């Protein structure tokens, strides 16, 4: 009922996750009213991201070339590898400024129900990195979910004996209160309790 | 912290209404993972909508050429003009299949607070259409909001005596129940009550 180009834009926008038909219409009308520069910049940004961004050949993080900025950075500690599920998981870890090693992006987590087997993840590539380089520790930072935990155990099983393996601590988030903590998190916080003497 | 093309795409997406930084990131990652065809289609749709869609020279509805499909349709009743605020308002009216006349899109509603004066709306153009064509009735279908009502009264004042002017009925939505109706709507429903004998 709208002119065809609007209908096409609504259709394309509605393919994005969490964007329903009504939101897509609202966005399409906004783009229609926006100045030409903004619309062109959006179109160009979509094109450019597909054209220029690929995966790092070492760690499979996002990269604007064969290798990502982190793998290219000579100041990073090459004896440490942090294993994450997705490229998006790298950012929050980088923001902490607590970690100065490299990464390895698996590309997902083991989930037999969803048909994700070890072969679907970049686990072979991780093992090859451990064997090849002078890696001393692998920090497994998959999500603290069922699939993330399963992946962590699988990876740990494969690497045991070859390298030190650690897992991110699970417990109460900073700023949380006990009253509203779920029992699984609270249980983890108890199991992982640390001596205050040692601190 | 992401490769530059991703940052640019996130920036452009976050300019869209209702899309915050986190949603923009989620959408950008989706586009990155989507197949090339979908991403190209989205970029092309954005470009095309800006390039090909303009406003109808008669009614200011959206048009893929000098005139919109409705103004070009010889089956429409040219003696009737329905006045709406925005192009998006045309669609729900068309969906009712109750109206077979033409439209006039004002481009907004009078709102002194937001600096929208009669000069900012296509009111002069509406008056010219009434004077020029064989129009017998103007249906004012601005929104039943403060600004929409103000606009309706302004338009009615200008056209009074030249043409019949009607306003869409205000009242209880079909399917609503009295218990949950707000008092303004219920008041309107009373004021606009109709004889069942006449029905």
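Residue numbers (our numbering), protein chains in the order written: chain A, 1 to 199; chain B, 200 to 398.
All C-beta atoms, glycine included, are put in the ideal place defined by N, C-alpha and C.
Predicted model only: the values in this text are computed from it and were never measured.
If you check the CB distance, residue 140(A) and residue 165(A) come in under 8 Å. In the same chain as residue 252(B), and ignoring 5 residues on each side of it, the C-beta atoms closer than 8 Å to its own belong to 261, 262 and 263, in chain order. For the stretch 243-325 of chain B, the full-length alpha helix (DSSP H) segments reaching 4 residues or more read 268-271 and 289-295 along the chain. Residue 272(B) is outside the set of residues whose beta carbon lies under 8 Å from a beta carbon in chain A.
Within its own chain, no residue has a Cβ closer than 8 Å to the Cβ of residue 95(A) once the five positions on either side in sequence are excluded.
At a cut-off of 8 Å, the C-beta of residue 112(A) has no neighbouring C-beta in chain B. In the DSSP assignment, no residue is bridged to residue 240(B). Taking 9 Å as the Cβ-Cβ cut-off, the stretch 11-30 of chain A approaches chain B at 11, 12, 13, 15, 16, 17, 18, 19, 23, 25, 26, 27, 28, 29 and 30, given in chain order.
Under DSSP, residue 164(A) shares a beta bridge with 137(A). Closer than 8 Å to the CB of residue 46(A) there is at least one CB belonging to chain B. C-alpha of residue 12(A) to C-alpha of residue 244(B): approximately 7 Å in a straight line. Taking a cut-off of 8 Å for Cβ pairs, the stretch 125-144 of chain A and the stretch 80-98 of chain A touch, as three or more such pairs fall below it.
The stretch 6-24 of chain A and the stretch 230-247 of chain B touch, with no fewer than 3 CB-CB distances between them shorter than 8 Å. Per the coordinates, the alpha-carbon of residue 224(B) lies some 24 Å from the alpha-carbon of residue 100(A). Residue range 21-33 is occupied by the alpha helix (DSSP H) that includes residue 30(A). In this structure, the CA atom of residue 314(B) is about 25 Å from the CA atom of residue 255(B).
Counting every other CB atom within 10 Å of its CB across the protein chains shown gives residue 327(B) a total below 16, marking it as exposed.
Taking 8 Å as the CB threshold, residue 262(B) lines the interface with chain A.
For residue 207(B), the enclosing alpha helix (DSSP H) has its first and last residue at 203-212. The CB of residue 41(A) comes closer than 7 Å to the CB of 211 in chain B, given here in chain order.
With contacts defined by Cβ atoms closer than 8 Å, residue 329(B) and residue 358(B) form a contacting pair. Between residue 90(A) and residue 126(A), the gap from beta carbon to beta carbon reaches 8 Å or more. With respect to chain A, the C-beta atom of residue 378(B) has no partner C-beta closer than 8 Å. Of all residues in the stretch 85-105 of chain A, only 86, 87, 88, 90, 91, 94 and 95 place a beta-carbon less than 9 Å from a beta-carbon of chain B. With 16 or more other Cβ atoms inside 10 Å of its own Cβ, residue 6(A) counts as buried. The Cβ atoms of residue 163(A) and residue 135(A) sit closer than 8 Å to each other.
Nearest to residue 297(B) by C-alpha distance, out of 276(B), 349(B) and 312(B), is 276(B). If you draw a straight line from the Cα of residue 320(B) to the Cα of residue 278(B), it comes to about 22 Å. Assignment of residue 215(B) by DSSP, reduced to helix, strand and coil, places it in the coil class.
Relative to residue 302(B), the option among 269(B), 317(B), 377(B) and 311(B) whose CA is nearest is 269(B).
Listed along chain A is no residue with a C-beta nearer than 8 Å to that of residue 277(B); the closest approach is about 20 Å.
The Cβ of residue 116(A) sits no closer than 8 Å to any Cβ of chain B. Under the three-state reduction of DSSP, residue 142(A) is assigned to coil, being neither helix nor strand. Chain A has no Cβ within less than 8 Å of the Cβ of residue 387(B).
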